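Written out below as structure tokens is the structure these notes cover.
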């Protein structure tokens with residue numbers, strides 16, 4: 006008969022570990038500075054991510070100051086800033102064009118008043134396409 010101890014080795018029990026307050030604070034600081042991630046700390050020190058989040062909740066300086074972290078990809082931030090800059094440029098251009106339009110309308114009004122002609126009057130009908138046939142193709146009599 007086969008020995009049972011050889012087939013199924015005795016289970017290895019995990020040792021109870023305690024991490025110092027200083028160690029936890031250091032790891033939370035590293036996470037806040039983005040030097041490491043929660044997953045990396047958990048994997049390296051064989052700690053669950055829930056435990057690491059508890060450390061963050063307890064030792065985070067940002068939490069104590071009431072600062073909320075907004076996690077956003079760097080490319081999104083730069084894209085948003087570029088779009089805001091583009092909007093500002095377009096608003097400036099629009100303001101310049103509106104100023105030019107107002108100036109032209111005042112010039113037209115001044116010219117209308119000075120010469121007694123309504124320059125804003127819309128003409129009815131289509132503009133002429135020319136004076137008609139030039140006679141090049143018509144025979145001479």
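Numbering (the working numbering), first residue to last: 6 to 146.
All C-beta atoms in this analysis are idealised placements derived from N, C-alpha and C, irrespective of residue type, glycine included.
Source: prediction; values computed, not measured.
Name the residue from 39, 41, 66 and 33 whose alpha carbon lies nearest to the alpha carbon of residue 56.
Residue 56 sits at position 51 when you count from the first residue of the chain shown. The shortest C-alpha separation from residue 56 is found at 33.
Tell me the rounded alpha-carbon separation between residue 31 and residue 20.
Position 26 of the chain shown, counted from the first residue, corresponds to residue 31. Position 15 of the chain shown, counted from the first residue, corresponds to residue 20. When rounded, the distance between both Cα atoms is 23 Å.
Given that a residue counts as buried once 16 or more other Cβ atoms are within 10 Å of its Cβ, and exposed if not, what is residue 102?
In the chain shown, residue 102 corresponds to position 97, counting from 1. Exposed: under 16 other Cβ atoms inside 10 Å.
Excluding five sequence neighbours on each side, which residues of the same chain lie with their C-beta closer than 7 Å to the C-beta of residue 29?
Reading the chain shown from its first residue, position 24 is the one you call residue 29. 60 and 64, listed in sequence order.
Thinking just about the alpha-carbon of each residue, which of 50, 40 and 58 is nearest to the one in residue 23?
Residue mapping note: residue 23 aligns to position 18 of the chain shown, counting from 1. It is 50.
For a test of the three-state rule: what should DSSP assign to residue 21, helix, strand or coil?
By one-based count along the chain shown, residue 21 stands at place 16. Coil at residue 21, not helix or strand.
Given this structure, state the Cα-to-Cα distance separating residue 93 from residue 85, to the nearest angstrom.
By 1-based counting over the chain shown, the position of residue 93 is 88. By 1-based counting over the chain shown, the position of residue 85 is 80. Each residue's Cα considered, the two are about 12 Å apart.
By how many angstroms is the C-alpha of residue 48 removed from the C-alpha of residue 41?
As a position in the chain shown, residue 41 is number 36, starting the count at 1. As a position in the chain shown, residue 48 is number 43, starting the count at 1. If you draw a straight line from the Cα of residue 41 to the Cα of residue 48, it comes to about 11 Å.
From the DSSP output, in three-state form, read off residue 117 for me.
The residue given as residue 117 occupies position 112 in the chain shown. Annotated three-state conformation of residue 117 is helix, per DSSP.
For residue 122, is the classification buried or exposed, using 16 other Cβ atoms within 10 angstroms of its Cβ as the cut-off for buried?
Counting from 1 along the chain shown, the entry for residue 122 is found at position 117. Result: exposed.
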